[in-house]
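Student: Sequential numbering of the sequence shown, starting at 3, is according to the numbering used here. Just so it is clear, CB atoms sit at the ideal spot from N, CA and C, and this is done for glycine as well. Below is the structure I would like to discuss, written out as C-alpha cells.
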Amino acid sequence: VWYDGVDGDCGGDSDYDADGDGFDGDTWGGTDCDDAVATTYTGAAEMVNSTDDDCNGLIDDGTSAYDDDGDGYSEDAGDCDDDERLAVPGGTEICGDGIDNDCVDGDDSCSLSGSYAIADFGDERYGPNAWDFFGLAISVADFDGDGTEELTSASGFEPAYGHVWSEAPTGSAAADTDSWLVSYPSPYFNCNAYYAGPISPGDVNNDGYADLLGACASDTRSTGITYLVHGPITGPIDMGALAVATTVGEDWSSTAHLNEFGDLNNDGYDDLAIGAHLWNSSSYHGVGKMYIVYGPHSTNLDFSVDSADIELYPDDRDYQWMGDGAARAADFTGDGIPDLLQGHPWDDHNGTYSGSIAFFEGPVGSGSHVIYDADLDFIYGESAYDQLGGRLTVLNDIDGDGTPDLAVAAPGEALTMYGKVHVITDPPPYGQNIQDVASATVTGDWMAGSFGSAIEAADVDFDGQDDIVVGASNYGSGEEGAVYLFHGPLTGTLSASSADVFIEGTTADAGLGVELSRPSDLDGDGLLDLAIGAAYDDTHGASSGKMYLVYGL
C-alpha cells in the first residue's frame, strides 16, 4: 500500500515514490508533481505532451509548443524568435531594430533600396474620364489638425474637381474614392490646370490649421481666379461657397500658377504667390508676372484694379511667361529676415530659355519690381533651353553654415533634355552661372528624359540630412517616366544612375514623375510616403491620369 509508511513488499524502495522514478510525491514531502507517471519528476526532460514533465509549474516549457517569451505565440504557432516578445506572426516591422518583427523575411529596414517598377507598389488613384490629367497637381498638408498630413490631387481641366484624402489611400480605385470632393463654380474653367492646385499655401490666417488654395486659369477673358478656404477642412469643399477671399487676374493673364511660398514679411502669416504666365505689359506680350499677397488674406482682389503687395515682372521682350517660375520665401542670408527667390525658366541670359533665378534680399517690402534691375542678384542657367527656375525646393542646412540650401532643376539641359538638378549650399550673393555656384550636380541618364520635371526634398531616412526626390516624366523608350531618390548630402558631379532608389514607369506615355508630393507620413506609421503623378496615363481614357502612392520611402 503506497503512502502508508510501510515497505509492504520489502523491496527497499520509498513508500512515497509510487511511480519508481526516484522522486517522492510532492504531497508527501517530495518534489514529484505527478507520482503516477515515471517520466514526470523534478529535472525531467520537458516534452510536447501538455504535461509539466519537469515539475517546474510550466507545461511544455522549453519546447516548440511553449510560448517562452509570453507574446502569445509559440514556435509551433509561427513565432520565429520565441525569446523575443517583439517578434510575432503579423507584427509591425520596426525599422532597423535587428528583429524580424513580423516573422517574414528577417529584419526589415523599412526603407526602399535599388530599382522598382511603379506597378510593384499597387496603391493608386486614377482619373475616371478622358482628359482629366489626374495627378498633375499634388500637395500635402494637415488640413484637419489631427497631426497627420492629408493628400490633395486634382483633375486638370473640365469638368474641374479636386480631392482631399483624410486617410491614406490604399489599393486601386477612382479618384473620388474615400476622399472629400473639391468643386469649383462656373463660369471659370481649366481649374486645377498645371500648377493651379489645389494646394496648401500654409497657414494664411495663423490659426493652426493649413488652408486650401485652388485656381481656375480661364474664364471668357482668361483672367484666372484663385479661391482661398481656411482650415480646418473636414468634408467636401465648395470653393465658391467656402472661399474667404478670391483674387481675379488681369485680362488675358491666366493668373492661376500657385506656389507653396512661405512668410516673406515675417509677420507669422503665410503669404500667397500667384503666377500669371500670360500677363502682357504695356510694351510686350506674354511677359508674365508674379503677384505676392501678404497674409492674413481675407479681401477679394481684382488685379486689374487692386494691387498685390508685390508684383514681379521682367518687361524686356515678348513671350517670357515668367509666372511659370517657382517662388519661395526663406532666410537664405541668415540674418533673421526672409528673402525672396523668383524663378524664370524662360529667361534668355545664357541663350534661349536658359532660365534664371532672381534673388531679392529681405526685407523686400512692397511694390512693383522689374526683375532685371541692375542691383538684383541672379543665378543663371548654364546653356540654352536649360529652363532653370521652373522647379526648386528649399533644403535644410546641408553644410552647417546656418542658412538653408537649395536644390534647383534644369529639365531642358541644353535641349538634350537629359536634365540636371543642382544643389547650392553657399549663401547669397550669387551673381554667377549655376555651374559655378553649385556644390553638387546630378545629370539625367536618359536623353530627352526631362530629369528635373519635378523635385521635392525631405529627410526620408532620418539621418538629419534632406534627401532629394526627382521626377523624369519622359524617361524611357516609351516615355513611361521615372522617379529617383538620392540620400543626402549630395556633393560633386553625379549621374542619375547613382540614385539610391529608382522607380520606373510601366505604362507608355504616362509621364510618371511629372508631379511629386513632398514626402510626408500619410498613414501615421512614422515613415515618409510619396505621391507620384502620371497625368498622361490613358488607362481610363486619353490622359485620364493616375496618382501612385509609395509608402515607406
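(1) Could you please give me the residues that DSSP links to Arg330 through a beta bridge?
(2) Please determine, among Leu530, Ser545, Leu390, the residue with the shortest C-alpha to C-alpha distance to Leu514.
(3) Compare the Cα-Cα distances from Phe380 to each of Gly404, Gly45, Gly345 and report the closest residue.
(4) Roughly how many angstroms separate the alpha carbons of Asp317 and Gly547, rounded to a whole number?
(5) Run through the segment 373 to 397 for me and flag every whole alpha helix (DSSP H) of 4 or more residues, listed as ranges in chain order.
(6) Report the residue ranges of all beta strand (DSSP E) runs contained in full by the segment 171 to 212; include only those spanning at least 3 residues, in chain order.
(7) Of all the alpha helix (DSSP H) runs that stay within the bounds of the segment 392 to 459, which reach a length of 4 or more residues?
(8) Just confirm the distance between the C-beta atoms of Ala484 and Gly466, as a whole number of angstroms; I'd bet it's less than 8 Å.
(9) How big is the Cα-Cα spacing for Tyr2 and Gly72?
(10) Count the other C-beta atoms from every protein chain shown that fall within 10 angstroms of the C-beta of Met449, then say buried if there are 16 or more, exposed otherwise.
(11) State the beta-bridge partners of His165 as determined by DSSP.
(12) Ordered along the chain, which non-local residues of its own chain (more than five positions away) have a Cβ less than 6 Å from that of Asp511?
(13) Contact defined as beta carbons within less than 8 Å: I believe Ser256 pairs with Ala219. What is the distance between those atoms, to the nearest angstrom?
(14) What is the C-beta distance between Ala156 and Tyr163, in whole angstroms, given that I count them as a contact (C-beta under 8 Å)?
(15) Taking C-alpha atoms, which residue in Asn51, Gly226, Tyr211 lies nearest to Asp217?
(16) Check the C-beta distance from Asp146 over to Ser168 and give it rounded, since I have them as a contact under 8 Å.
(17) Can you tell me which of the three DSSP states Thr257 falls into?
(18) Nearest CA to the CA of Glu415: which residue from Gly137, Gly404, Thr445, Val425?
(19) So, helix, strand or coil for Thr29, using DSSP?
(20) Does the Cβ-Cβ distance between Cys57 and Asp84 come in under 9 Å?
(21) Could you say which of Pro406, Leu417, Ser309, Ala442 lies nearest to Ala460 if we only look at CA atoms?
(22) Return the CA-CA distance between Asn207 and Gly137, expressed in angstroms with no decimal places.
(23) Looking at C-alpha atoms only, which residue of Met549, Asp468, Glu458, Ala121 is the closest neighbour of Ile400?
(24) Measuring only the C-alpha atoms, how far is Ser224 from Asp326?
(25) Three-state secondary structure (DSSP) at Met549?
(26) Please report the straight-line C-alpha distance between Lys422 and Glu86, rounded to a whole angstrom.
(27) Apply the 10 Å Cβ neighbour rule to Thr94 and answer buried if 16 or more other Cβ atoms are within range, or exposed otherwise.
(28) What would DSSP say about Leu60, mapped onto helix, strand or coil?
(29) Residues in the same chain with beta-carbon distance under 7 Å from Pro238, minus the five sequence neighbours each way, listed in chain order, please.
(30) Do Ala409 and Ile426 have their C-beta atoms within less than 9 Å of each other?
(31) So, does the CB of Asp26 fall closer than 9 Å to a CB anywhere in chain B?
(32) What would DSSP say about Ser309, mapped onto helix, strand or coil?
(33) Residues bridged to Glu556 by DSSP?
(34) Below 8 Å on the Cβ atoms is my guess for Val50 versus Ala67; work out the distance and round it to an integer in Å.
(35) Quick one: give me the first and last residue of the beta strand (DSSP E) that Met292 is part of.
(36) Between Ala376 and Ser358, what straight-line distance do the alpha-carbon atoms span, to the nearest angstrom?
Tutor: Here's the rundown:
(1) Leu343
(2) The residue among Leu530, Ser545, Leu390 with its C-alpha nearest the C-alpha of Leu514 is Ser545.
(3) Gly345
(4) 36 Å
(5) none
(6) 174 to 176, 182 to 185, 191 to 193
(7) 436 to 439
(8) Not a contact, Cβ separation roughly 27 Å.
(9) Nothing in the structure corresponds to residue 2, since the chain is present only between 3 and 555.
(10) exposed
(11) Ser155, Leu183
(12) Glu481, Tyr538
(13) Taking C-beta atoms under 8 Å as the contact rule, Ser256 and Ala219 qualify, at a distance of about 5 Å.
(14) 7 Å
(15) Per the sequence shown, the amino acid found at residue 217 is Ala instead of Asp. Comparing Cα-Cα distances from Ala217 to each of Asn51, Gly226, Tyr211, the minimum goes to Gly226.
(16) At roughly 6 Å, the Cβ-Cβ gap stays under 8 Å, so Asp146 and Ser168 are in contact.
(17) Reduced to three states, the DSSP call for Thr257 is strand.
(18) Thr445
(19) helix
(20) 9 Å or more divides the Cβ of Cys57 from the Cβ of Asp84.
(21) Pro406
(22) 28 Å
(23) Asp468
(24) 16 Å
(25) When secondary structure is reduced to three states using DSSP, Met549 falls in the strand class.
(26) 48 Å
(27) exposed
(28) coil
(29) Trp182, Leu183
(30) Yes, the Cβ-Cβ distance between Ala409 and Ile426 is below 9 Å.
(31) Absence of chain B from the displayed structure is noted, only one protein chain being present.
(32) Taken through DSSP and simplified to helix, strand or coil, Ser309 comes out as coil.
(33) The structure shown does not extend to residue 556, since the chain is modelled only from 3 through 555, so no value can be given for it.
(34) 5 Å
(35) Here the beta strand (DSSP E) through Met292 covers 291 to 295.
(36) Its pLDDT being 49, under 50, Ala376 is placed unreliably by the model, and the measurement read from it follows with that caveat. Straight-line Cα distance between these residues: approximately 15 Å.
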